[in-house]
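Protein chains in written order, with the UniProt record's numbering: chain A, 1 to 93; chain B, 1 to 93; chain C, 1 to 93; chain D, 1 to 330; chain E, 1 to 330; chain F, 1 to 330. Structure first, commentary second.
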Amino acid sequence: MKRLDLIFSERELDDVLSALEKAEVPGYTVMKHATGRGPERIVTEDMEFTGFGSNAHVIIFCEQEVIDKIRENIKSVLSYYGGVAYVSEATPL
Amino acid sequence: MKRLDLIFSERELDDVLSALEKAEVPGYTVMKHATGRGPERIVTEDMEFTGFGSNAHVIIFCEQEVIDKIRENIKSVLSYYGGVAYVSEATPL
Amino acid sequence: MKRLDLIFSERELDDVLSALEKAEVPGYTVMKHATGRGPERIVTEDMEFTGFGSNAHVIIFCEQEVIDKIRENIKSVLSYYGGVAYVSEATPL
Amino acid sequence: MGQNLFIQNALSPPILFFFLGAIAYALKSDFEIPAPLPKLFSLYLLLAIGFKGGIELQKSGFTYPVLPTVVAAILMSLLIPLICFVILRLKFDVFNAAAISAAYGSISAVTFITAESFLESQNIPFDGFMVAALALMESPAIIIGLLLVKFGATKNRPIKRKMKWGSILHESMLNGSVYLLLGSLLIGFLTSAVDPTDIKKMEPFTGELFYGAECFFLLDMGIVAAQRLARLNKTGAFLIMFSILMPIINAVLGSVVAKFLNLDSGNALLFVVLCASASYLAVPTAMRMTVPEARPSYYISTTLGLTFPFNIIFGIPVYMSLVNTMIPQI
Amino acid sequence: MGQNLFIQNALSPPILFFFLGAIAYALKSDFEIPAPLPKLFSLYLLLAIGFKGGIELQKSGFTYPVLPTVVAAILMSLLIPLICFVILRLKFDVFNAAAISAAYGSISAVTFITAESFLESQNIPFDGFMVAALALMESPAIIIGLLLVKFGATKNRPIKRKMKWGSILHESMLNGSVYLLLGSLLIGFLTSAVDPTDIKKMEPFTGELFYGAECFFLLDMGIVAAQRLARLNKTGAFLIMFSILMPIINAVLGSVVAKFLNLDSGNALLFVVLCASASYLAVPTAMRMTVPEARPSYYISTTLGLTFPFNIIFGIPVYMSLVNTMIPQI
Amino acid sequence: MGQNLFIQNALSPPILFFFLGAIAYALKSDFEIPAPLPKLFSLYLLLAIGFKGGIELQKSGFTYPVLPTVVAAILMSLLIPLICFVILRLKFDVFNAAAISAAYGSISAVTFITAESFLESQNIPFDGFMVAALALMESPAIIIGLLLVKFGATKNRPIKRKMKWGSILHESMLNGSVYLLLGSLLIGFLTSAVDPTDIKKMEPFTGELFYGAECFFLLDMGIVAAQRLARLNKTGAFLIMFSILMPIINAVLGSVVAKFLNLDSGNALLFVVLCASASYLAVPTAMRMTVPEARPSYYISTTLGLTFPFNIIFGIPVYMSLVNTMIPQI
Ligand SMILES: Nc1ncnc2c1ncn2[C@@H]1O[C@H](COP(=O)(O)O)[C@@H](O)[C@H]1O
Ligand SMILES: Nc1ncnc2c1ncn2[C@@H]1O[C@H](COP(=O)(O)O)[C@@H](O)[C@H]1O
Ligand SMILES: Nc1ncnc2c1ncn2[C@@H]1O[C@H](COP(=O)(O)O)[C@@H](O)[C@H]1O
Ligand code: NA
Ligand code: NA
Ligand code: NA
């Protein structure tokens, strides 16, 4: 099994989740209120109250096939607004 | 070393933590307020104020033996109420 | 690519982040409000309002070289106040 | 007159803010109230209504009609789930039927508050002791729901899910929101016996602020209800019908009991609203813990997405007309 | 007299709490107000000013000078971005210039509130309908900003970033803070037409609490503004000059229009403040969504880190002197 | 009379809400107030007591007995840690002894507030300037604690842990809660000199709301204290004894000083409570940063889990009796 970590602005959350649903992921977990820095931008806590939005961290445990299905859609969202996506190995307990 | 990720309803947090303590984990980290979707249920933010509870994400870094000790207890909690548990490799910095 | 997970008291966040900047990480993500237990201490939610501070979980995706550059500085912060640091493998999506 | 009441209710700030929230969701506005801010308001509202109810109960004492009304309320919270259960068993298994039934036997504090605000702007008096009825209708409904599972499904359940009396009582009495409501009621009751100046010092917090906080909370409830409503299509037509018709049936039952108890029209409306409303706080939480076989979406989505908005928008004025018909005002 | 005004403003609780926050950051105190608590206050302030504005609008009706003032405000929120755009294009590309321009065409609700508090402690009367002007200046500024991008950069953009009218309107009208402000205005307007007792019940929440909540929020704004200011060095001298001088230019423009509209000095100050202030809520959010090419640090750091503190600390008393000079008081 | 005072205190809303929280934990109710809501209330309470204290200080000026009382309070916050240190060194190393000592030299703002509420319901007058004493007792206690480490453990510490004067002062003066308290005090002091109408506008927020917010916060403190109490078994009998007996010793010391200062019974009680209470906000935070060798559970669990509940439940009425005995009322 694989583990996919996505980190991006929470304002794109709906787009990302519907991309995940389209790829028929078995499930996902969302953690909001993440801050951070990427190659260009810095995301701070005060962006939460200005409506600008902080980051969301989405974790998906799934098979390799699902990862392959996800790739295109997710990449197009992340290339537009920024964000990162990494895959690693994971075994069910 | 191993890394164990557990995601489940925060209402089971006490049960899970005492299962971890029983297996003598060296430590653990808890992140609450996670939302998500599993095979059956969808967990949304409004469940926090209704008392229904959102998800907790628990991370444990430990040796393989501890993982083996944890397995039975954790699985019985997760099979009852739902949730996921995945193991991956990790090396101390 | 590597994935580095750091978990430590949020009061050391500024020190850790400037150590990361010095090592020229390409980016990082911070999740605050984590609680947990380590070998010595237990960190609970009420520490947030007493000003004592809960934990921060920092994730960095970077190359092995950056990890090597980070090591010394991070370890000196974590050895002083406690906290954990683990490295694992990650591939860009 | 019924139509008039409807418009007056629909144009009151709490309902308008509820609409504002619901429309935000419908129009895909990015307006939101992030967690845990709604929790702050729900905790505040429970504390404040409990506390004020306790004070009023101290004032009125246990004279007529306090005790019979409270007893009748408790009986209704036992009876209604049984009726619901019979109806729901036509379509659902024991677990789901019991969980949904318990929700309808219990009450919605926010519906109750909205009804109080409605009475206030209609200048119809009502008594504070009705909060005691409210506070005491949660636990019995949970207990009856769990008993329905215990005896209805005893053979099908694996051993580790066998319900024990201890945990049934724990879930029904110590659920966070029940506990806060009952506790604040008791504190209000005790304090006002001892020291009325302390009560006065609480007034700006529990009293004056209340209406605004109610509006703010309903703004969030509007978003949540709309989200739930949007997901209701998966629950099927039977349950959708149920979540509109059952409140009406319960309201009619309630109004008969209210007439029998000889309540004034204000208290009668509150009694009817208690019967007609369904719980989305205590009961779902308790059911989730003890009856994991039931689908939460059944008992949360219906109560939050349909019964709750129906009651505050249409129910309250309709029930008022009903009460006015049955209990002629002097 | 100008200096006097400056000191009186600087020693008022809102400004002092703002300083308290800013100094906390400067001295590296660990004092902080964790998310989402600032959001609670920003939601509250928007709801309260909207609601109170709606009530006042109901009272005044659309008599003179309400309509011309509101129309003039809308025109200013269309004109100012155009002026800004011309200036900013000297140094920035279309995307950045348009995004920054939109921010300066729009308004800062907190600056407006602070100006109201200032007028109150000066005992200078002003009218509640100015909130309607405030509420209606956000969307046009966003629209003009997006149009500048749509027509100014049409060739350079990849197809998927082509802007559609639907999304321009959506971003400009349904942005969370615009929506809450306009919605609350409408609710205040409707409710006060129907039932004045409901209004009275809201008063402790939306009225009495307001000043304290404003101070608390400004405490947080002090921290945030100082953080932004500290990061401003990367934005360059041109933008730093712009974010101080542009408000002054806009204020002068605004005072001319205010004189032309024959506003009293209180309303005139508010009008000037609307022109001079820049948005850090609605506009940045809308720009982030629709013009990702623009650097957020340009339009957030300047508005929050420089223009906002400049306006509340120096701007308000200076603009007051300006208004006093142009509009002789009787 | 002592018993009477005890019952009157125990039946006041703040203490009852504290019990409600503690019992929730004891009975394993799932009732909780999620982070960061408790932070909202702790920030609010610090801001409000600081601000009101500043106003009162402006009113009273630095006439007798303001200055001597404040100076005495500061001296007590230097003396008490020294006494504690001597006692604690019997069982603990320099680091732990110093950290715990600093906590007991400092104060608990919530204990102080509870004592004020107690005096109000007893109709015993007291002066607002006591808040200045409160605000000025945090930093000296921290400094003395750090000095004890600096000079007591200088040889055992690795170089990088050598304490510098700069960081000692930084930790003691710029700790978030100390900073907010002192800052609000200053703002209240300045504002009330300049403009009394601004003060009036703050009153609903900082004044009227205060009692209710205090109750809400104590509800959370009840949960937290009970959690800490449950974990106290690991700290050993010596520390448990210490955290009950030391407050009493400090109270006796304080009452002698209060008599010497010729304070009225109200101010005397507050003075005694300041001496007897221990810090769980500023001091633990400062110690955590500068003395990581000390175990936080020692200085937090005792102050929060034992000393704090002991003081608000038993301490306040006992100290009142003590004050009444020593300072005969006219
Ligand atoms: N190398 C990285 N490691 C961890 N998180 C990252 C990294 N790069 C970017 N991020 C996260 O992704 C968010 C969006 O990045 P950006 O691509 O700059 O818009 C940042 O705010 C970070 O939270
Ligand atoms: N495949 C998955 N990947 C990531 N998170 C998951 C996955 N499946 C379930 N979860 C998380 O586990 C929670 C409980 O799942 P469930 O088993 O549906 O009760 C969900 O709400 C998700 O947050
Ligand atoms: N083995 C572990 N697995 C996961 N998290 C840990 C582990 N050990 C420590 N932590 C986290 O690191 C924090 C600081 O640990 P400590 O070294 O005890 O100060 C703890 O509060 C936990 O959140
Ligand atoms: Na009911
Ligand atoms: Na403007
Ligand atoms: Na003390």
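Glycine included, every Cβ here is placed at the ideal spot set by N, Cα and C. Quantities reported herein were computed from a predicted structural model and do not represent experimental measurements.
query	result
Counting only the same chain and skipping the five closest in sequence on each side, list residues whose C-beta sits under 7 Å from that of M289(D).	E171
Can you pull out the residues from the region 89 to 108 of chain F whose beta carbon lies closer than 7 Å to at least one beta carbon of chain B?	none
List the residues of chain E that Y179(F) touches, going by C-beta distances under 7 Å, in chain order.	A24, S29 and F31
Taking only three categories from DSSP, how would you classify R37(C)?	strand
Quick one: using the 10 Å Cβ neighbour count with 16 as the cut-off for buried, is F308(D) buried or exposed?	buried
Could you check where the alpha helix (DSSP H) with S167(E) kicks off and where it finishes?	W165 to M173
Within the present structure, is the beta-carbon of I80(F) separated from the nearest heavy atom of ligand 6 by less than 7 Å?	yes
Going along the chain, which unbroken runs of the beta strand (DSSP E) with 3 or more residues stay wholly within the region 39 to 63 of chain B?	55 to 62
Hey, does L281(E) have any beta-carbon neighbour from chain A nearer than 8 Å?	yes
Do R231(D) and S297(D) count as a contact pair if the criterion is CB distance below 8 Å?	yes
Looking at ligand 1, does it come within less than 7 Å of C53(A), judged from the CB to the closest heavy atom?	Contrary to the premise, residue 53(A) reads as Gly rather than Cys in this sequence. Incorrect: G53(A) has no Cβ contact closer than 7 Å to ligand 1.
Nearest by alpha-carbon distance to L17(B): which of L78(B), A34(B) and P92(B) is it?	L78(B)
Enumerated in chain order, which unbroken segments of the alpha helix (DSSP H) with a length of 4 residues or greater are wholly contained in the region 179 to 228 of chain E?	196 to 202
Pop quiz: P247(D) and N9(D) are said to be a contact at Cβ under 8 Å. What is the actual Cβ separation, rounded to whole angstroms?	P247(D) to N9(D), Cβ: 16 Å. No contact.
Would you call D14(A) buried or exposed, if buried means 16 or more other Cβ atoms sit within 10 Å of its Cβ?	exposed
Is the Cβ-Cβ distance between L281(E) and F17(E) less than 8 Å?	no
Expressed to the nearest angstrom, what Euclidean distance is found between the alpha-carbon atoms of G82(C) and F8(C)?	7 Å
Excluding the five sequence neighbours on either side, which residues of its own chain have a C-beta within less than 6 Å of the C-beta of M326(F), listed in chain order?	S255 and K259
Of all the CB atoms in chain A, is at least one closer than 8 Å to the CB of K39(E)?	yes
Strictly by DSSP, which residues pair up with P4(C)?	According to the sequence shown, residue 4(C) is Leu rather than Pro. Beta-bridge pairing links L4(C) to I60(C) and V87(C).
Kindly confirm or deny that the region 188 to 206 of chain F and the region 30 to 49 of chain E touch, where touching means at least three C-beta pairs closer than 8 Å.	no
On a CA-only basis, which of N250(F), V283(F) and D264(F) is nearest I80(F)? Give me that one, please.	N250(F)
Please state the DSSP three-state secondary structure of T29(B).	strand
What did DSSP end up calling P92(C) once you bin it into helix, strand or coil?	strand
In this structure, how does DSSP classify S177(E) when only helix, strand and coil are distinguished?	helix
Return yes when at least one heavy atom of ligand 1 lies under 7 Å from the C-beta of I300(E), else no.	no
Does ligand 1 have even one heavy atom less than 7 Å from the beta-carbon of P26(C)?	yes
For Y80(A), verify whether its CB is less than 7 Å away from any heavy atom of ligand 5.	no
Ends of the alpha helix (DSSP H) at T69(D)?	V66 to L88
For the candidate residues E214(F), A99(F), I223(F) and V252(F), whose alpha-carbon lies nearest to that of K150(F)?	A99(F)
Could you check how far apart the C-beta atoms of F210(E) and A102(E) are, in whole angstroms? I think they sit under 8 Å.	Contact flag wrong, Cβ pair sits at about 28 Å.
Can you name the residues of chain A whose CB is closer than 9 Å to the CB of T285(E)?	R11, T50, G51, F52 and G53
Please go through the same chain and pick out, in chain order, the residues whose beta-carbon is closer than 6 Å to the beta-carbon of L5(F), but skip the five residues on each side of it.	P317 and M320
Measuring alpha carbon to alpha carbon, tell me which residue in T197(F), S106(F), L186(F) and C215(F) is nearest T191(D).	C215(F)
Helix, strand or coil: how does DSSP classify S265(F) here?	helix
When you compare the CB of S184(D) with every CB in chain B, is at least one pair closer than 8 Å?	no
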